[in-house]
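J.: Here the sequence shown is numbered in the numbering used here, starting from 54 and rising by one per residue.
Every residue, glycine too, gets a C-beta built ideally from N, C-alpha and C.
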Amino acid sequence: NAANEANDREALKDGSDANAASYPYAWSGQLLGHEIGIDCETTVVEDHSVPTLVLVSVSDGSSDFILRPDQLPAFLEQHESAEFIAHNAAFDFQVIAEALTEPESWWGIADAGRLHDTMFLDALIRLARTDDFPRSRDLGTVAREYASIELDKADPYRTRFGELIGVDVTGAKLVGANL
54 NAANEANDRE ALKDGSDANA ASYPYAWSGQ LLGHEIGIDC ETTVVEDHSV PTLVLVSVSD
114 GSSDFILRPD QLPAFLEQHE SAEFIAHNAA FDFQVIAEAL TEPESWWGIA DAGRLHDTMF
174 LDALIRLART DDFPRSRDLG TVAREYASIE LDKADPYRTR FGELIGVDVT GAKLVGANL
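(1) Using a Cβ-Cβ cut-off of 8 Å (strictly less than) and excluding sequence neighbours within five positions of His169, which residues of its own chain qualify?
(2) Leu168 bridges to which residues according to DSSP?
(3) What's the C-alpha gap between Ser75 and Phe128?
(4) If you follow the alpha helix (DSSP H) that Gly90 is part of, which residue opens it and which one closes it?
(5) Use the C-beta contact count for Phe146: other C-beta atoms within 10 angstroms, 16 or more gives buried, fewer gives exposed.
(6) Kindly indicate which three-state DSSP category Ser116 falls into: helix, strand or coil?
(7) Report the partner residues of Leu108 according to the DSSP bridge assignment.
(8) Run the CB neighbour count on Asp175, radius 10 Å, all protein chains shown included, and call it buried at 16 or more, exposed below.
(9) Go through its chain and collect everything with a Cβ distance to Ser116's Cβ below 7 Å, but skip five positions before and after it.
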């Protein structure tokens, strides 16, 4: 209910949530596998400028975590030899590069060919199959076609991540968020 959501938000802001230690998606140094899916959640894109990074979700298919932007340097250092997979990697790359005070490690991942883009791969597959001009498709469409997975791209929370700036999302349940 609205009162519980307000209490959760206040607890998140002041860090007093009693369930913080038990939050299952908080990354606290766990080592993931060699192939890591990565997705950035940001403020709304305005005027073609790079939006502010709010949180990063990562998964190796067995373990899923949410990182705060300030955790990115440690995460990238720990996973310096991993392969990273993103949908629309150009967007995620730029958002992360802007968020890091020292983006060299992130650039190194891209320079080494360890940042892969499912949107680009989808376009290449369709070009090879049909010889039609490859238009970019959203993750929901690609997931449905190749993996028979339905993603709710109409979820209104997708455009509200900016509300989480300054909130410790790794410490408590996000009411209503579909992460």
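T.: This is what the structure gives:
(1) Glu136, Phe137, Ile138, Ala139, Ala142
(2) Phe137
(3) With a pLDDT of 47 at Ser75, under the threshold of 50, the modelled position of this residue cannot be trusted; read the value that follows with caution. When rounded, the distance between both Cα atoms is 20 Å.
(4) From DSSP, Gly90 is part of no alpha helix (DSSP H) but of the beta strand (DSSP E) over 88-95.
(5) Phe146 comes out buried.
(6) coil
(7) Glu94
(8) Result: buried.
(9) Closer than 7 Å at Cβ, skipping near neighbours: Gln83, Leu85.
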